[in-house]
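Engineer: The following block contains the structure, expressed as structure tokens.
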Amino acid sequence: MRTAVLAAWLVIAAQTAAPPPPAASAEAFFDLLVKQDFAAAVAMSNANMLQAMPEAKLRQLWAAIGAQAGPFTSRSAGTATPAGNGHAVVIRATFAAMQIDFTVGIVAGKVSGLFMRPVPPPSPPPAYADASAFTERDVTVGSGEWALPGTLSMPNGAGPFPAVVLVHGSGPNDRDETVGPNRPFRDLAHGLASRGIAVLRYDKRSRVHGPKMASIERPTVQDEVIEDAALAVRLLASTPSIAPDRIFVAGHSLGGMLVPRIAAAVPEARGFIVLAGAARPLEQAIVEQTQYMAGLDGTITPEEQGRIDSVTRDFDAVRALTDADAATTRSVAGVPVTYWLDLRGYDPPDAAKAVTRPMLILQGERDYQVTMKEFARWQAALEGRANVTFKSYPPLNHLFMPGTGPGNPLEYNVPRHVDEQVVGDIAAWILKF
């Protein structure tokens with residue numbers, strides 16, 4: 526999603542020796558544009574970028590953006606993915622009139638290219654969401670330096686209601702897990718709240734505190750995901766009108782992959798929902814997804830093969846890491862080695878055998894990011910468990926939205942909604958407990 530599975534921790538890479546992490550270089554370049562310090566921005570450019578975008582042209586471009594989009598208000602952390610001999614870093618900028626995704630090419634710490642794409646406005650609410658059946662309010666997950674803004678969707682009535690926490694996939698996701706015009710977590714929250722289930726969703730730590738996370742020397746998924754998921758469960762447990770013994774956790778993609786570890790951190794949760802939970806090693810998934818996308822049109826160009834080779838080299842280096850590397854603060858493929866080592870040997874379906882509470886495991890059959898082979902691994906590991914339910918949906922993709930033909934990233938740019946059957950199946954399962 527937004528090649529999000531490819532992003533993993535790339536957006537919050539720890540500070541390393543020069544050149545700085547690609548995301549940090551791209552963010553510094555973009556911040557210079559915001560300050561209109563075009564001379565300093567140009568100084569960060571390589572020869573190709575200088576030829577395509579000299580200072581005068583860069584100044585004109587920024588003025589044209591301002592005229593169309595209005596005053597700049599904020600930006601996201603950068604999300605870096607390998608591209609050729611460098612990285613492509615996506616920064617989502619919010620202006621008064623619109624949002625724009627800026628893709629900054631980074632090679633050896635220098636800016637090699639700049640591309641822009643307006644972000645489509647969000648699609649209207651799905652027909653299955655009944656706005657008269659629930660209310661929403663702002664909440665804060667956690668406290669202190671890592672506090673996160675969130676939204677609680679609460680059914681109307683006295684309660685107590687069952688509730689579910691939504692845990693994001695990879696990358697610096699917002700509370701709606703926004704992908705282009707699509708808002709899968711908003712769809713789930715509104716659909717479930719319309720059916721009598723409270724839903725808590727929140728902005729991910731890497732989105733809200735990206736620069737601060739970059740200062741963590743030895744980060745792991747505990748810092749990125751698990752700690753905040755546990756805090757969200759405890760927030761619900763202390764909320765009036767929520768049944769504290771009927772709180773569930775639904776993890777999507779990386780969040781689904783981490784459900785067994787989240788379960789260990791939240792013994793008070795009643796059960797767990799795995800939505801397209803990854804089951805293969807992250808480095809393997811990145812290589813295989815790069816190969817898949819390169820071959821979608823039936824041919825692999827020399828440039829695409831170069832990208833595959835580059836990603837493969839990076840993740841051969843990941844596989845070569847040893848426990849001794851955990852004492853260092855270096856990165857591989859822009860990701861701190863402690864993050865890779867934290868996931869080494871982690872087999873989500875096997876780890877799920879230790880989770881004795883109920884689980885619902887769902888999968889879109891057109892998902893190319895988390896495949897049906899991975900779904901089959903969950904089934905094989907948990908076969909025969911009376912409190913584990915499996916279901917797959919032939920027309921659905923990684924976002925549990927419908928489409929046709931082989932899954933591809935372009936379909937994420939088309940406004941759609943999480944399929945109503947998925948919402949109904951989740952609601953029916955939760956309401957049994």
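For any residue, its number in this note's numbering is found by taking its place in the sequence shown, counting from 1, and adding 525.
Here a beta-carbon is modelled for each residue, glycine too, at the ideal position from N, C-alpha and C.
Tell me which same chain residues have a C-beta within less than 6 Å of the C-beta of P607, skipping the five on either side of it?
Structural biologist: S835, V836
Engineer: In this structure, how does DSSP classify P931 when only helix, strand and coil are distinguished?
Structural biologist: coil
Engineer: Between the beta-carbon of T676 and the beta-carbon of L725, is there less than 9 Å?
Structural biologist: yes
Engineer: Could you check which residue in D867, A656, I616 has the C-alpha nearest to that of P697?
Structural biologist: I616
Engineer: Can you give me the Cβ contacts of D867 inside the same chain, cut-off strictly under 8 Å, excluding the 5 residues immediately before and after it?
Structural biologist: T745, V746, Q747
Engineer: Compare the beta carbon distance of I741 and L783 with 9 Å and say whether it is the shorter of the two.
Structural biologist: no
Engineer: Using C-beta distances below 8 Å, list every residue in its chain close to N938, excluding the 5 sequence neighbours before and after it, in chain order.
Structural biologist: P645, G705, P706
Engineer: Between V689 and A581, which are expected to be in contact by the criterion C-beta below 8 Å, what is the C-beta distance as a whole number of angstroms?
Structural biologist: Between A581 and V689 the Cβ distance is about 53 Å, and since that is not below 8 Å, they are no contact.
Engineer: Could you check if N922 is buried or exposed, using at least 16 other CB atoms within 10 Å of its CB as the buried criterion?
Structural biologist: buried
Engineer: According to the neighbour-count rule (16 or more other Cβ atoms, all chains shown, within 10 Å of its Cβ), is H942 buried or exposed?
Structural biologist: By the beta-carbon neighbour count (other beta carbons within 10 angstroms, threshold 16), H942 is buried.
Engineer: For R882, which residues of its own chain have a beta-carbon under 8 Å away from its beta-carbon, when the five flanking residues on both sides are left out?
Structural biologist: Hits under 8 Å: A788, A794, R795, G796, F797, N912.
Engineer: What did DSSP end up calling Y918 once you bin it into helix, strand or coil?
Structural biologist: Note: Y918 maps to strand in three-state DSSP.
Engineer: Closer than 6 Å by C-beta to A485: which residues in its own chain qualify, once you throw out the five before and the five after it? Chain order, please.
Structural biologist: Nothing in the structure corresponds to residue 485, since the chain is present only between 526 and 958.
Engineer: Tell me whether the region 802-821 and the region 573-591 touch, counting them as touching only if at least three CB pairs, one residue from each stretch, are closer than 8 Å.
Structural biologist: The answer is no - the region 573-591 does not touch the region 802-821, with fewer than three Cβ pairs under 8 Å.
Engineer: Among G684, R730, L673, F686, whose alpha-carbon lies nearest the alpha-carbon of G694?
Structural biologist: R730
Engineer: Only counting the same chain, and skipping five residues up and downstream in sequence, which positions put a Cβ closer than 6 Å to that of R711?
Structural biologist: D701
Engineer: Hey, is the region 882-896 in contact with the region 625-645, meaning 3+ C-beta pairs nearer than 8 Å?
Structural biologist: Too few Cβ pairs lie closer than 8 Å, so no.
Engineer: Assuming A605 contacts G630 under a Cβ cut-off of 8 Å, what Cβ separation, rounded to an integer in Å, is found between them?
Structural biologist: Not quite, the Cβ-Cβ distance comes to about 11 Å (not below 8 Å), so this is no contact.
Engineer: Using a Cβ-Cβ cut-off of 6 Å (strictly less than) and excluding sequence neighbours within five positions of V947, which residues of its own chain qualify?
Structural biologist: F925
Engineer: Return the chain-ordered list of same chain residues with a C-beta closer than 6 Å to the C-beta of R662, the five sequence neighbours on each side being excluded.
Structural biologist: Only L677 meet the Cβ criterion.
Engineer: Inspect the beta-carbon positions of G781 and P873 and report whether they are closer than 9 Å.
Structural biologist: yes
Engineer: Give the secondary structure of A605 by DSSP, where H, G and I count as helix, E and B as strand, and everything else as coil.
Structural biologist: strand
Engineer: Under a three-way DSSP split, which group does L924 fall into?
Structural biologist: coil
Engineer: Apply the 10 Å Cβ neighbour rule to Q830 and answer buried if 16 or more other Cβ atoms are within range, or exposed otherwise.
Structural biologist: exposed
Engineer: Quick check on S570: buried or exposed, where buried means 16 or more other Cβ atoms within 10 Å of its Cβ?
Structural biologist: buried
Engineer: When burial is assigned at 16 or more other CB atoms within 10 Å of the CB, is P544 buried or exposed?
Structural biologist: exposed
Engineer: Would you say A656 and H734 are within 9 Å of each other, going by their C-beta atoms?
Structural biologist: Not closer than 9 Å, so no.
Engineer: Give the range of the alpha helix (DSSP H) segment to which K737 is assigned.
Structural biologist: 735-738
Engineer: If we require 4 or more residues per run, which alpha helix (DSSP H) segments fall completely within the region 803-880?
Structural biologist: Whole alpha helix (DSSP H) segments, 4+ residues: 807-819, 827-844, 862-868, 873-877.
Engineer: Restricting to Cα atoms, I'd like to know which of P687, D822, M818 is closest to V758.
Structural biologist: P687
Engineer: I need the boundaries of the beta strand (DSSP E) containing I741, first residue and last residue.
Structural biologist: From DSSP, I741 is part of no beta strand (DSSP E); its letter is neither H nor E.
Engineer: For the beta strand (DSSP E) containing G630, list its first residue and its last residue.
Structural biologist: Start and end: 624-632.
Engineer: Excluding five sequence neighbours on each side, which residues of the same chain lie with their C-beta closer than 8 Å to the C-beta of R832?
Structural biologist: Here R832 has P607, A608, G609, T815, A819 as same chain residues with Cβ atoms under 8 Å from its own Cβ, once five neighbours each way along the sequence are excluded.
Engineer: Over what stretch of residues does the beta strand (DSSP E) that includes S678 continue unbroken?
Structural biologist: 673-680
Engineer: Thinking just about the alpha-carbon of each residue, which of V632, Y727, D892 is nearest to the one in G667?
Structural biologist: Y727
Engineer: If you draw a straight line from the alpha carbon of I625 to that of M574, how long is it in whole angstroms?
Structural biologist: For I625 and M574, the gap between their C-alpha atoms comes out near 20 Å.
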